[in-house]
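For any residue, its number in the numbering used here is found by taking its place in the sequence shown, counting from 1, and adding 48.
Don't be surprised by glycine CBs; every beta carbon is placed ideally from N, CA and C.
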Amino acid sequence: MALRTDHPPAAGNTFCGMVKAPTLRNVATRQAFFHNGVMHSLEQVIRFYNTRDTLPEIWYPTVGGQPKAVPDAGFPGYGLVKTQYVGGQVKKYDDLPPQFVANIDTQMPLDGRKAHSAPPMSEQNIADLICFLNTLTDGDQPPAAPASTGPCTP
Numbered sequence: 049m050a051l052r053t054d055h056p057p058a059a060g061n062t063f064c065g066m067v068k069a070p071t072l073r074n075v076a077t078r079q080a081f082f083h084n085g086v087m088h089s090l091e092q093v094i095r096f097y098n099t100r101d102t103l104p105e106i107w108y109p110t111v112g113g114q115p116k117a118v119p120d121a122g123f124p125g126y127g128l129v130k131t132q133y134v135g136g137q138v139k140k141y142d143d144l145p146p147q148f149v150a151n152i153d154t155q156m157p158l159d160g161r162k163a164h165s166a167p168p169m170s171e172q173n174i175a176d177l178i179c180f181l182n183t184l185t186d187g188d189q190p191p192a193a194p195a196s197t198g199p200c201t202p
């Protein structure tokens, strides 16, 4: 992501960077998320919020540093950035003009933890949240028996 220069926000636009969240109804049926459609699955969106602050290097570009030929085994593959760097500086919120970065709520939704600390949600929390969000999908279908197998069963 890079700061767009072809469509700058209007002067004095105090709401730039503040995005009204859409409804969660039918959220599991969407194929694009966020203002620019950069995320393509519920799981990726949840992982973004879970690791935006704890692993920013997988979501935002790194300036400077040296790219590794092969990422470490533990380098997550679900982020937008697939290249791991040694050194350099991660440019968080790189697609937002600097004067509007203060509009980003770094506390919500998942408490603004420091880089490389443990993310707030466990793998089970993520799976449970995805299962819950799937229940918000409309359907003109006859009631089905509760699932007895799969990721959304107790």
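Hey, residue i and residue j: beta-carbon distance below 9 Å or not?
i: Thr-3; j: Lys-139; result: There is simply no residue 3 to check, as the chain begins at 49 and stops at 202 in what is shown.
i: Gln-137; j: Gly-160; result: no
i: Glu-91; j: Gly-127; result: no
i: Thr-131; j: Pro-145; result: no
Where do the N-terminal and C-terminal ends of the alpha helix (DSSP H) with residue i fall, by residue?
i: Val-93; result: 90-99
i: Cys-200; result: Note, Cys-200: premise wrong, no alpha helix (DSSP H); not H, not E.
i: Ala-175; result: 171-182
Assuming the contact rule is C-beta atoms closer than 8 Å, residue i and residue j should be a hit. Round their C-beta distance to whole Å, please.
i: Arg-100; j: Ile-174; result: The Cβ separation is near 14 Å, so there is no contact.
i: Pro-124; j: Leu-103; result: 7 Å
Looking at the ligand SAH, does it come within less than 8 Å of residue i, judged from the CB to the closest heavy atom?
i: Asn-74; result: This structure lacks the ligand SAH; in fact it carries no ligand of any kind.
With 16 as the cutoff for other CB atoms within 10 Å, does residue i come out buried or exposed?
i: Asn-98; result: buried
i: Ala-50; result: Because Ala-50 carries a pLDDT of 48, less than 50, the predicted location of this residue cannot be relied on, and the following value inherits that uncertainty. Looking at its Cβ environment, which holds fewer than 16 other Cβ atoms inside 10 Å, Ala-50 is exposed.
i: Gln-147; result: exposed
i: Leu-218; result: Because the chain here runs from 49 to 202, residue 218 falls outside it and cannot be looked at.
i: Val-134; result: exposed
On a CA-only basis, which of the options is nearest residue i? Give me that one, please.
i: Tyr-141; options: Phe-82, Tyr-108, Cys-179; result: Tyr-108
i: His-83; options: Thr-102, Asp-120, Val-129, Asp-143; result: Asp-143
i: Asn-182; options: Thr-77, Phe-81, Ala-69, Ile-152; result: Thr-77
i: Phe-180; options: Val-129, Pro-202, Pro-167; result: Pro-202
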